[in-house]
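This report concerns only the one structure given below.
Numbering (our numbering), first residue to last: 203 to 334.
Written as structure tokens, this is what we have:
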């Protein structure tokens, strides 16, 4: 029909939604908790979801029964009355610097079995020896 914009088609989305099943579940505002619920993984009601462990698993870091935590690099800048924190978009580390820091860190904390893993230059993880 002239003057009427044709409806956009998204064939891949149409296919995906066509294969989906409706699932009645309570509304979640936290996407991590919603996914854990859908996957049937147990959660403590007042505990934070294990995002470090889930991210490490998704990035195919060593699968070990350890506690995983995010440890992304940041830049701390002292100000007159405060300490300012900047993420890595404000500075750049190359792969050699990341590897040197990781090796020095792991050597220093080897006796405590705390390890630094670098998935990408901006995504670092600590693995600790036992569940906390």
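We put the CB at the ideal spot given by N, CA and C, even for glycine.
Legend entry - Closest Cα partner of residue 261 within the set 215, 313 and 320: 320
Legend entry - Bridge partner(s) assigned by DSSP for residue 327: 272 and 319
Inset, instruction - Classify residue 293 as helix, strand or coil using the three-state DSSP reduction. - result: coil
Inset, instruction - Pick out whichever of 309, 302, 306 and 275 has its Cα sitting closest to the Cα of residue 324. - result: 275
Legend entry - Where the beta strand (DSSP E) through residue 218 begins and ends: Taken as a continuous stretch (DSSP letters only), residue 218 belongs to no beta strand (DSSP E), being part of the alpha helix (DSSP H) at 213-221.
Inset, instruction - Could you please give the first and the last residue of the uninterrupted alpha helix (DSSP H) stretch that includes residue 259? - result: 253-260
Legend entry - Separation of residue 215 from residue 310, as counted between CA atoms: 49 Å
Inset, instruction - Would you kindly check if the distance between the Cβ of residue 314 and the Cβ of residue 329 is under 8 Å? - result: no
Inset, instruction - Measure the C-alpha to C-alpha separation of residue 244 and residue 326 and round it to an integer number of angstroms. - result: 26 Å
Legend entry - Distance CB(residue 332)-CB(residue 269) smaller than 8 Å: yes
Inset, instruction - Spell out the partners DSSP gives residue 288 in its beta bridges. - result: 277
Inset, instruction - Please report the Cβ distance between residue 272 and residue 257, rounded to the nearest whole angstrom; I am assuming they are in contact, meaning their Cβ atoms lie under 8 Å. - result: 7 Å
Legend entry - Neighbourhood of residue 254 by C-beta distance below 7 Å, restricted to the same chain and skipping five residues each side: 270, 271, 272 and 327
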